[in-house]
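Peer 1: The opening position of the sequence shown corresponds to residue 1243 in the working numbering, with each subsequent residue numbered one higher. The C-beta atom is built at its ideal place from N, Cα and C for all residues, glycine as well. Note that the structure is predicted; figures quoted are calculated from it, not measured.
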Amino acid sequence: MTLDGTIWAIFLFIGASVLIAAAFVLILSLCYHKIHDALTARNTRSAYRANEIRSSSAFSALVKREFKRLLTCPAYLLNGLSGTLLLLLAGIALLFINVQESFSQMQLPIGNTAELAYAGFGIFIFCAGISCPSASALSLEGNSRGQLFVLPVSVRKILLAKAMPTFLINVAAGYISSIIFCLKIEADLLGWVMFLISVPLFCAFIAIFGIFLNLKFPKYDWTTEMQAVKQSIPVMIAVFGSMILGFAAIFLGILVGFWIVLILDVICIACSIICWLYFKNVRLYV
1243 MTLDGTIWAI FLFIGASVLI AAAFVLILSL CYHKIHDALT ARNTRSAYRA NEIRSSSAFS
1303 ALVKREFKRL LTCPAYLLNG LSGTLLLLLA GIALLFINVQ ESFSQMQLPI GNTAELAYAG
1363 FGIFIFCAGI SCPSASALSL EGNSRGQLFV LPVSVRKILL AKAMPTFLIN VAAGYISSII
1423 FCLKIEADLL GWVMFLISVP LFCAFIAIFG IFLNLKFPKY DWTTEMQAVK QSIPVMIAVF
1483 GSMILGFAAI FLGILVGFWI VLILDVICIA CSIICWLYFK NVRLYV
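#1: In three-state DSSP terms, what is N1456?
#2: Please report the distance separating the alpha-carbon of C1315 from that of W1464.
#3: Using the three-state DSSP reduction, which class does L1473 fall into: helix, strand or coil?
#4: Do K1461 and S1376 count as a contact pair if the criterion is CB distance below 8 Å?
#5: For L1337, name the three-state secondary structure that DSSP assigns.
#6: Is the distance from the Cβ of S1514 to the Cβ of A1446 below 8 Å?
#7: Could you say if the stretch 1475 to 1494 and the stretch 1439 to 1453 meet the contact criterion of at least three C-beta pairs nearer than 8 Å?
#8: Going by Cα to Cα distance, which pick from G1325, N1340, L1312, S1299 is closest to K1426?
#9: Strictly under 8 Å for the Cβ-Cβ distance: is A1449 near chain C by that measure?
#10: So, helix, strand or coil for W1464, using DSSP?
#11: Using alpha carbons as the reference points, say which of L1487, D1430, L1327, L1319 lies closest to K1472.
#12: Since V1524 contacts L1457 with CB under 8 Å, what's their CB separation in whole angstroms?
#13: Might you give, ordered along the chain, the residues of its own chain that have their beta carbon closer than 8 Å to the beta carbon of R1307, omitting 5 neighbours on each side?
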């Protein structure tokens, strides 16, 4: 399967994917806000439900706050989305490349390009891993962190809200580039299913693990935002760790194929669950 004759359909899909990702966050905020306004009217019989909706509304407001911070802070935006932009640019460039012909010209021993799907997942790990705004999301609160920490919202919800931009942005970019990649290399069914499942799993892991690192190594004493988003321990661990893991996944994907992806998926699930359980007993102090 190639892109001949279907180029406009692919561009249409890319546009639709971006719009869906943006609409998801917008609808999430708008719906909860309207429900909150409706149920917080004076009605003693619905007091308990109002409290539940108030909690959810607080979470959506926190997520919206994180996106606003990301989009209004140039250093945070550039550092946090560099890998995501690289992934999208690579996917767009791939639209105009004949993969089989390119490997033939480079005299590389690739017989079936479908086998590249597992190595391609390593490229996704590399790009998505270095795009980890959550690794500095907590540090950016700086001296004003007391205003956030005293909110009547559970610590888990605060940390999850800070992880959501990393997860949503990487998932959207990951699916767009993965679809283009699978079409170009003519991936088999297993390759398609692998990307469908593995992309959100790794995005969830890197988002939650980034917050975990920032929780363990916060940097609140910064004087410029660049120090928090580029020179902190959590960011360096996330970036260099993802680089090493990405290159290893590319190499092992060529050697052992599907099994390395399966192992990484299991590791991502296990680490995400461990971090989530750890967040239950975390306390945030000013």
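Peer 2: Well, looking at it:
#1: helix
#2: 15 Å
#3: The amino acid occupying residue 1473 in the given sequence is Gln; Leu does not appear at that position. It is coil, neither helix nor strand.
#4: no
#5: coil
#6: yes
#7: yes
#8: N1340
#9: Of the protein chains in the structure, only one exists, and it is not chain C.
#10: coil
#11: L1319
#12: 7 Å
#13: A1403
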